[in-house]
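**Q** Dumping the structure here so I can ask a few things about it.
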Amino acid sequence: MKNIALFACFFLIFSCATSVAENPDSEIKNFQQDLNSEYLNQKTTPLRGSNFTNFKAHPFFPIDLKYRVNADFKKTENPETFEMPTSSGKTKKYREYGKATFTLDGKSYTVSLYQSLDLMKQKQYEDYLFLPFRDETNNIETYGGGKYLDLKIPANKNIIIDFNKSYQPYCAYNAYDYNCPIVPPENILPVRIEAGVKYDDVYHH
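Under the working numbering, read the sequence shown as residues 102 to 306, first letter to last.
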């Protein structure tokens, strides 16, 4: 049941991430509305008890298209499967699909993009890429364990990474029912990414 709920979360966010919108602003607003709707729905929310009852909406950083970057993409040749650690101590099977290099405020950063071996077997996720990352807002405005982004396999050597659509993992809100991939060291960014969902202190555990 937990896996089904988690896949439903991926589908909701991934569908929003890959939809065609009139402009980036409206696309980001749709993402925010969909994420709020997911958490307000008792069938799809990870929230329990008073956290669910008291939930009204996620806090977000103001939309800033500076954090919507056009990155250079390089596919990883012959990637090996590896066990990505999770918050529960268990592991999940992933492989690095490629690397994306982007510039922010004049500095260059590179992140790894991954494929889940479980998800890639499903038709709706076969072109899904997973970007877990940490940045210098963690433990201040955002969850200490980092944030996630859902992307689509690019058709060429460029990929749009919109950090305005980054979100916190389920275990940030409910560590008892969910275990979440831990951000790999190569995706720890020495910069503040002031975009996407913020973290409410009420969920700290």
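All C-beta atoms, glycine included, are put in the ideal place defined by N, C-alpha and C.
I'd like to know if the region 161-179 and the region 261-269 are in contact, where contact means that at least 3 CB-CB pairs between them fall below 8 Å.
**A** yes
**Q** From the DSSP output, read off the bridge partner residues of residue 148.
**A** DSSP lists no partner for residue 148.
**Q** Considering only residues of the same chain and omitting the five flanking positions on each side of residue 205, which have a CB-CB separation below 7 Å?
**A** 170, 292
**Q** Here's a check: name, in chain order, each residue in its chain whose Cβ is nearer than 7 Å to the Cβ of residue 213, leaving out the five neighbours to either side.
**A** 197, 200, 285, 287, 288
**Q** Can you list, in chain order, the residues of its chain with a C-beta nearer than 7 Å to that of residue 255? Leave out the 5 residues immediately preceding and following it.
**A** 174
**Q** Check whether the region 136-150 and the region 244-254 touch, using three or more Cβ-Cβ pairs below 8 Å as the test.
**A** Output reads no: the region 244-254 does not touch the region 136-150.
**Q** For residue 150, count neighbouring C-beta atoms within 10 Å of its own C-beta (all shown protein chains included) and say buried if the count is 16 or more, exposed if not.
**A** Flag for residue 150 reads exposed.
**Q** Could you compute how far the alpha carbon of residue 127 sits from the alpha carbon of residue 166?
**A** 12 Å
**Q** Using the C-alpha atoms, what's the distance from residue 157 back to residue 215?
**A** 32 Å
**Q** Roughly how many angstroms lie between the CA atoms of residue 226 and residue 240, to the nearest whole one?
**A** 31 Å
**Q** Based on Cα-Cα distance, which residue from 279, 210, 136, 251 lies nearest to residue 236?
**A** Ranked by Cα distance from residue 236, the options 279, 210, 136, 251 are led by 210.
**Q** So residue 275 packs on residue 191, CB below 8 Å; how close in whole Å?
**A** Residue 275 to residue 191, Cβ: 16 Å. No contact.
**Q** So residue 127 is in the alpha helix (DSSP H); what residue range does that whole segment cover?
**A** 125-141
**Q** Pick from 269, 278, 283: whose alpha carbon is nearest that of residue 296?
**A** 269
**Q** For residue 182, collect the residues of the same chain with a Cβ closer than 6 Å to its Cβ; drop the 5 residues on either side in sequence, then sort them by chain order.
**A** 194, 196
**Q** So is residue 233 buried or exposed if we call it buried at 16+ other beta carbons inside 10 Å?
**A** buried
**Q** For the beta strand (DSSP E) holding residue 250, just list the boundary residues, first then last.
**A** 248-253
**Q** State the beta-bridge partners of residue 185 as determined by DSSP.
**A** 193
**Q** Going straight from the alpha carbon of residue 137 to that of residue 177, what length do you get?
**A** 35 Å
**Q** If I follow the unbroken beta strand (DSSP E) through residue 293, where does it start and stop?
**A** Counting along the chain, residue 293 falls outside any beta strand (DSSP E), and DSSP gives it neither H nor E.
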